[in-house]
Amino acid sequence: MQRPTAGVLVYVLALLVPSVGSAKDESQRFDKPAALVYEAAIDVVTEKGGVIIYSDKTRLLLTFKSAGYWNKGFEVSVKVERIGEGQSESQVTLRTQKTYFGAGWGAADRINKQFYQQLREKLSQQSPVVK
Numbered sequence: 000m001q002r003p004t005a006g007v008l009v010y011v012l013a014l015l016v017p018s019v020g021s022a023k024d025e026s027q028r029f030d031k032p033a034a035l036v037y038e039a040a041i042d043v044v045t046e047k048g049g050v051i052i053y054s055d056k057t058r059l060l061l062t063f064k065s066a067g068y069w070n071k072g073f074e075v076s077v078k079v080e081r082i083g084e085g086q087s088e089s090q091v092t093l094r095t096q097k098t099y100f101g102a103g104w105g106a107a108d109r110i111n112k113q114f115y116q117q118l119r120e121k122l123s124q125q126s127p128v129v130k
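Written out as structure tokens, the structure is:
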């Protein structure tokens, strides 16, 4: 009796160990200033029910817990970088990491795709800043 139970336990642990630390990174560029993109990212997260865990406005970093029943275990880190000579462009890098059971059957890809789509919509709604 003890031997089959140990075998099942080893099998389950072998399935879980590689997936606990898995993460998915994805980057996209935007033709907007980094500060504007960062503020839009915060708006997207809060409007869609995400919970902000960490926010650093000076370094343009944001970490949030995704909303939704099936993806409660996802933590998403957002890094906004200034690119281009006039700093009028920015790059957003998402790191989506499930805190249990791996990639969640493609949920990380869906979270990234939805976030970028909502961020683009939010940025298109904003009027240009006049200085």
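Quick note: the sequence shown uses numbering that gives the first Met the number 0, first residue 0, plus one each step. Glycine is no exception: its CB is placed at the ideal position from the N, C-alpha and C atoms.
Under the DSSP assignment, residue 57 falls outside any alpha helix (DSSP H); it carries neither an H nor an E label.
Taken through DSSP and simplified to helix, strand or coil, residue 123 comes out as helix. Look at residue 42 here: in three-state DSSP terms it is helix. Here residue 85 is exposed: its Cβ has fewer than 16 other Cβ atoms, across all protein chains shown, within 10 Å.
Ranked by Cα distance from residue 113, the first of 75, 60 and 32 is 75.
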